[in-house]
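Report on the structure given below.
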Amino acid sequence: MNLATILQLFTLHITFHQVAYALDACMCEFENAEKPFPHNKLNTVEQGAVKCNQDVNPQKAREFDGLLLALEQRLPELVAVVSELEQENDGDLYGAITLQVIHNDMAEIQQLVNRLNSTHLGFRQQNSDVSETLQYIKEEMQQLEAFDTMQTVRREKTNNRLTRDLDHCKNGRHLIPTVIPSHGGGPRLVNVTGPRVYTAGEYPGSYKFGSWGRDPKPDAGKENWYWRVILTTSNIYAHYVRRYTTLSALIVGISTPGNVQISPTNPTTNTIQGPSAVLYGEALYYNCFKEAAVCRFNLTSKTVQSTKLPEGTRVNNKGTYCHLEACYPYTDLDLATDENGVWVVYTTTQDHGNLVLARVEVEDGRPVLGETWHTSVYKKSATNSFVAFGVLYATRYVSPEAEEIFYSLDTATGVERFDVGIHISKMSNHIYSLNYSPVDQMIHVYGEGFMTSYKAKFE
């Protein structure tokens with residue numbers, strides 16, 4: 489109900505009385521037949537409604553869901569470790585090491601449970617407070633409706649209900665997502681659901697720019713590991729990748745492996761530039777410091793190799809993603825992973841600013857550019873991109889709450905589409921990096937210091 493409507497609808501019932509005091513004079517008296525409108529009560533109701541909107545925060549619910557998901561994934565892993573100990577315990581060094589691993593896992597899970605309990609208690613108190621406020625608002629509004637002598641509020645309710653029913657009817661025609669024809673024979677993205685995970689990790693309120701995800705080709709024993717790169721200097725540069733053994737460790741902010749440093753100082757020759765790094769095969773791929781080149785940092789040997797991009801490639805904040813109100817700094821080179829390997833998205837002067845997609849191969853430990861595709865999408869009209877099953881997808885800004893996957897390029901056929909029309913519900917106003925993980929078919933998003941993940945659905 490629109491609270492302001494009541495003010496607009498309040499009408500005075502006035503009764504006029506003509507009184508004759510003398511032959512040459514006429515005076516009128518009027519009497520208000522209605523009670524005075526309770527403005528203070530209306531203001532109190534409005535303040536209560538505003539407080540309810542502030543308290544019912546969807547981001548808090550997403551954080552709780554993320555904690556539950558992490559716990560759901562962590563417990564079976566602990567059970568597996570305990571089972572392995574029971575079967576293979578030799579009563580010597582192996583058993584001692586495994587017990588220490590279990591001890592660390594239990595400590596990590598306990599922290600996760602503590603955060604869940606704290607969040608749950610907060611929700612219970614919040615629900616109680618909001619329920620009381622809503623009941624109060626309902627009672628007060630019923631009293632205020634008595635001042636609607638023209639029944640306009642009732643008619644407005646009816647019109648709103650009819651409009652809502654009509655919208656449901658229209659939207660019901662599109663409940664089944666349109667499947668994009670698979671020209672190349674591979675799966676096509678049909679929907680993105682979630683978010684599933686929403687967390688700031690161990691740095692709440694800090695480090696707005698960065699990237700995170702999973703290694704699609706991990707070393708043995710690191711299948712469940714996650715990684716994170718945060719731009720610690722000027723929101724542009726980073727010099728290490730931070731690793732986590734599980735999703736729950738990432739959420740609660742426990743990095744047992746710690747940081748793997750590329751260089752001791754930042755920025756310097758091998759510094760990460762921009763928020764679009766990816767990890768693949770125990771190697772980090774990123775935009776080399778101040779160069780039109782892709783760097784590959786081997787996390788095992790701690791060495792960096794690079795490959796230059798074509799002449800005319802726009803770098804150093806000249807070929808960024810944008811929307812009407814802003815451009816995302818140093819997103820000139822966008823690295824991506826999928827089922828086929830590593831890709832790089834960039835733009836050149838000779839392509840007039842349009843997106844260019846290229847495979848990144850590895851020869852003798854060095855990255856080299858492979859096959860290249862040229863698109864019809866102007867890079868500054870897009871906000872991000874990712875690759876899945878050999879198909880390039882591009883996104884654009886719709887509102888602070890939504891992003892749209894509007895474009896696709898099938899690398900198997902070269903067919904472009906501008907009518908993908910899949911929306912992503914955002915938890916942050918801006919998405920600075922976005923990457924697809926073929927391990928679990930999740931889309932990992934980094935925006936304004938928060939890490940969010942979504943489930944990609946294919947057909």
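The sequence shown maps to residues 489 to 947 in the numbering used here. Beta carbons are placed, not taken as given, at the ideal position from N, Cα and C, and that holds for glycine. Since the structure is predicted, the reported quantities are computational estimates derived from the model, not experimental observations.
First and last residue of the uninterrupted alpha helix (DSSP H) at residue i
i	result
V1032	Because residue 1032 is not part of the residues shown, which for the chain are 489 to 947, the question remains open.
I724	Neither: I724 is in no alpha helix (DSSP H) and is coded neither H nor E.
V740	735-740
Terminal residues of the beta strand (DSSP E) in which residue i lies
i	result
I931	930-935
I718	714-718
N679	677-687
D826	822-826
I760	760-767
Q749	746-749
N939	First, the residue type needs correcting, since residue 939 is Met and not Asn in the sequence shown. Its beta strand (DSSP E) spans residues 938-946.
Q793	791-796
Y920	No beta strand (DSSP E) holds Y920; DSSP gives it neither H nor E.
F785	781-786
G709	Premise fails: G709 is in no beta strand (DSSP E) and is neither H nor E.
E698	The question names Glu, yet the displayed sequence has Gly at residue 698. Counting along the chain, the beta strand (DSSP E) containing G698 begins and ends at 698-701.
Y834	829-835
Y773	771-775
Residue i and residue j closer than 8 angstroms at C-beta
i	j	result
F946	R702	no
T733	N712	yes
Q749	Y768	no
D928	G878	no
A890	S913	yes
N541	S699	no
V792	R784	yes
T901	W861	no
V833	Y773	no
L821	N758	no
S736	I597	yes
I625	G741	no
V685	T883	no
V875	A824	yes
V717	A771	no
L843	A870	yes
Y881	V856	no
Minimum C-alpha distance to residue i - residue among the options
i	options	result
M915	E936, S925, Q793	E936
P692	I739, A708, T899	I739
L845	K806, T744, L797, V685	L797
P524	G536, A882, L632, S619	L632
P745	Y881, D852, Y866, R731	R731
T863	N872, G841, R854	G841
Q599	G689, T646, T651	G689
S873	P855, F894, P888	F894
P752	Y725, T621, Y816	Y725
G829	Y816, S925, C815	S925
T819	R905, M930, K806, V533	K806
T788	D707, S736, G741, P817	D707
G858	W831, S619, H911	W831
H811	V766, T836, Y885, A876	Y885
G709	R643, E565, A765, V766	E565
I760	Q588, N747, K778	K778
E892	R905, V875, H911, F906	H911
I447	L609, Q630, V570, N602	Given a span of 489 to 947 for the chain in the structure shown, any question on residue 447 remains unanswerable.
T532	L563, T621, E851, V856	T621
K790	E799, R603, N747, N804	N747
Nearest-angstrom Cβ-Cβ length linking residue i and residue j, presumed shorter than 8 angstroms
i	j	result
A781	T795	6 angstroms
I919	V933	5 angstroms
G682	K943	5 angstroms
E628	K529	6 angstroms
P763	L719	6 angstroms
K867	Y809	7 angstroms
G853	N786	7 angstroms
V678	I931	With a Cβ gap of about 13 angstroms, V678 and I931 do not count as contacting.
Residue-level contact to chain B via CB, residue i, 8 angstroms cutoff
i	result
T837	Looking at the structure shown, chain B is missing, and only one protein chain is on hand.
>> Please give the ranges of any beta strand (DSSP E) in the stretch 848-911, keeping only runs that are unbroken, at least 3 residues long and fully inside the region.
In response: List check, beta strand (DSSP E) in window: 854-866, 872-876, 879-887, 890-898.
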